[in-house]
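Under the working numbering, the first residue of the sequence shown is numbered 1239, with each subsequent residue one higher.
Note that beta-carbon positions come from the ideal geometry of N, C-alpha and C, so glycine has one too.
Computed from a prediction, not measured in an experiment: that's the story for all the values here.
These notes concern the structure reproduced below.
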Amino acid sequence: MAAQMLDVDALWHQLQASPPLMYATAGVAVLVLILSVILLRDTIMACRVSAVPGPAALPFVGHIPFLLSEPWNRFGEWARKYGDIYKIFIWGTPMVIVSSPELVKHILRDARDRFPKDNWSYSFFGPILGEGLVTASGASWAKQNQALKPKFKHAALRQYMRAFTGAASRLREAWAAMPSGSVVELDSTFRQVTLEVIAEVSLGLTPADASVLPELFGEIIDELNQRMWKPWRAFMPGEITHQRRIRELNDIVLGLIRKRKQEYAEAEGIPAGRRVLDEDEVLAAGASVDTGPRGGDFLDIMLQSESEFTDTEMLDELKTMLMAGHETTAMMLTWCTFLLAKHPDEMRKAVAEVDAAWEASGVDGPKDGKLGWAGIDRMTKDSDASGAPVDTYLHYALHEAMRIYTPVPVLAKCTRDEGEVLGGAPLPAGTKVMLCCVALHSDPKLWGSDVQAFRPERHRGSEHRKLPGKLYPFTFIPFSQGRRECVGRRLALVEAKTILSYMLRDFEITLAPGQTAEPRTDCYMMPLRPEGGMRVQIKPRVRH
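Below, the structure written as structure tokens:
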């Protein structure tokens, strides 16, 4: 014992004699202590969700290394191996993944109050979404939802049709000016077009006014996407540039808000042409796109709402609209066009429907006029006056594209109560629960043995609608479901169908030379985007 004490005493004197060695030893000791605490925490958290199966995890990092390449496909593989509910660990934090319509229905409808949104998962997009409709909760969410949701009904969307047809016409003119056989890149093209649309619909901006937004949004969103898997980027030198871009975006939107409020003050009320129309006024007005109804934009909706919105609330909501209103729609258009170009038979069916819609509008010739109300209603309604489904092939094609390439691969929730039972497993309060849309949308039990095939007809009263227990529509959730279903669902579909109807009417679209394989989705992107872009070849269409 005395010898051991002498050894310790000698070591202490040696450390005192060499400050660098002493500091290094202290650093190692602190590091070991920190790692021990983290390991203990991870062990405790793993024990609390031990009733849920899942793949083996690595210490500290969990399943991060397994998710660095095509994580959404990996989720599907694990679902097939471990079942409809399993767990993974991200930096030691457990996440429960569910992918059955029964559990999705339970979370989104039956027990929705016990499964609020997971704030941590949405925090990555906090700099751009703030407390907008996507991320807000409680009274804040109810206030925004009450003000905005009525303006997204099918008839109310007519007042925004100018923006849809205007953007589609500009795209048509740009393509028509290109030599036959030109190659265009769809990803960037559709992001530009859809951002122009939502900038006009939400803020009243012209394409020229909105020209700065695509690059600005693209850089911000790409950086936030990467931070989902690489959080250390927030401490890298690029953080200064990233924050500058966010400030620039905030300054642009806040400037537009203050300018519009000044217009209201000078008018001592609602300025001319700014009054928000209700559904009956929209239906009663005009018979064509150019002479039809024109009301206020989303900023006007908030300024005229009975619930007063602060500048910060309007800033967050408008940024949410700008982001959610163009990224997912652009990807829906990109993947749908890719799949139609890859499958000539399905392309012919879509083109036939487009031609019929233009004929219903009374427009002749390949490049004259705009799609009229008759054609718009024929193309964009998903139900008739009685509520019965309207069979439109483009509607099914867009849904099938979202099934195969789900724009938002997971929806993030968490448990509110201690001991919440999910799939037979008790979970602690605050457990992160991810609804895996990718696995749900690729389940052969729901979609058939040809689940990997592009078959738009499967959305026409097909197998998944016939499941027992009233599981439809919880088999297909690209826009979520239940109370927090995306309010912009109809707007996105109407916009996408309008743009496709212009493209397919006047152009033959085929995959560009070399664009032969399925593009690999970027490992971190939400929404899912093609790596390296999406190139197609366009030729003026010969109409018989």
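Check                                                                                                                                                                 : Outcome
With residue 1748 as the anchor, note down where its beta strand (DSSP E) starts and where it stops.                                                                  : 1745-1749
By how many angstroms is the C-alpha of residue 1545 removed from the C-alpha of residue 1744?                                                                        : 45 Å
Going by DSSP, what residue range makes up the beta strand (DSSP E) through residue 1334?                                                                             : 1331-1336
Taking the DSSP output, what are the residues bridged to residue 1775?                                                                                                : 1421 and 1748
Would you call the segment 1416-1424 in contact with the segment 1394-1404, where contact means no fewer than 3 C-beta pairs closer than 8 Å?                         : no
Look at the alpha carbon of residue 1727 and the alpha carbon of residue 1450, and state the distance between them as a whole number of angstroms.                    : 26 Å
Sorted by chain position, which residues of the same chain lie with C-beta nearer than 8 Å to residue 1654's C-beta, five sequence neighbours on each side aside?     : 1351, 1352, 1353, 1354 and 1667
Give a yes or no on whether the C-beta atoms belonging to residue 1323 and residue 1341 are separated by under 8 Å.                                                   : yes
Which stretch, first to last residue, makes up the beta strand (DSSP E) that contains residue 1631?                                                                   : Run containing residue 1631: none in the beta strand (DSSP E); it sits in the alpha helix (DSSP H), 1631-1642.
Measuring only the C-alpha atoms, how far is residue 1288 from residue 1574?                                                                                          : 41 Å
Going by DSSP in three states, residue 1469 sits in which element: helix, strand or coil?                                                                             : helix
From the DSSP output, read off the bridge partner residues of residue 1652.                                                                                           : 1670
Once the 5 residues before and after residue 1480 are set aside, which same chain residues still bring their CB inside 6 Å of it?                                     : 1461
What do you reckon, is the C-beta of residue 1394 under 7 Å from a heavy atom of the ligand NAP?                                                                      : As for the ligand NAP, it is missing from this structure, which has no ligand bound.
Just to confirm the assignment, what range does the alpha helix (DSSP H) spanning residue 1494 have?                                                                  : 1476-1505
Assuming residue 1634 and residue 1581 are in contact, meaning their beta carbons sit under 8 Å apart, how far apart are those beta carbons, in whole angstroms?      : Not a contact, Cβ separation roughly 13 Å.
Tell me which same chain residues have a C-beta within less than 7 Å of the C-beta of residue 1343, skipping the five on either side of it?                           : 1709 and 1712
Suppose you measure from the CA of residue 1577 to the CA of residue 1779; what does that come to, to the nearest Å?                                                  : 19 Å
Just tell me which of 1512, 1489, 1486 and 1487 has its CA closest to the CA of residue 1498.                                                                         : 1512
Residue 1346 to residue 1301, Cα distance in whole Å?                                                                                                                 : 26 Å
Under the assumption that residue 1429 contacts residue 1568 (Cβ atoms under 8 Å), give the Cβ distance between them as a whole number of angstroms.                  : 4 Å
Residues in the same chain with beta-carbon distance under 6 Å from residue 1547, minus the five sequence neighbours each way, listed in chain order, please.         : 1540
Curious, which full-length beta strand (DSSP E) runs of at least 3 residues does the segment 1328-1389 contain?                                                       : 1331-1336
Grab the span of the beta strand (DSSP E) containing residue 1694 for me, first residue to last.                                                                      : Residue 1694 -> no beta strand (DSSP E), and no H or E assigned at all.
Exposed or buried, residue 1239, counting other C-beta atoms within 10 Å across all chains shown (16 or more means buried)?                                           : Confidence is the limiting factor: at residue 1239 the pLDDT is only 49, short of 50, which leaves the residue's position unreliable and the question unanswerable from this model.
Leaving out five residues on either side along the sequence, give the residues of the same chain with a beta carbon under 6 Å from the beta carbon of residue 1750.   : 1421, 1773, 1774 and 1775
Applying the criterion that 16 or more other CB atoms from any shown protein chain within 10 Å of the CB defines a buried residue, is residue 1553 buried or exposed? : buried
Using DSSP bridges, identify the partner residues of residue 1718.                                                                                                    : 1716
Which of the three DSSP states, helix, strand or coil, is assigned to residue 1325?                                                                                   : strand
Kindly identify the DSSP beta-bridge partner or partners of residue 1438.                                                                                             : Paired residue(s): none; residue 1438 is not in a bridge.
Let me check understanding here. Comparing Cα to Cα, which of 1723, 1587, 1515 and 1453 lies closest to residue 1394?                                                 : 1515
To the nearest whole angstrom, what separates the beta carbons of residue 1291 and residue 1669, a pair I think is in contact under 8 Å?                              : Incorrect: roughly 15 Å between the Cβ atoms, too far for contact.
Using beta-carbon positions only, say whether residue 1677 and residue 1317 come within less than 8 Å of one another.                                                 : yes
How is residue 1258 classed by DSSP in three states: helix, strand or coil?                                                                                           : helix
Is it buried or exposed, residue 1357, if we count other Cβ atoms within 10 angstroms and call 16 or more buried?                                                     : exposed
Leaving out five residues on either side along the sequence, give the residues of the same chain with a beta carbon under 6 Å from the beta carbon of residue 1443.   : 1437
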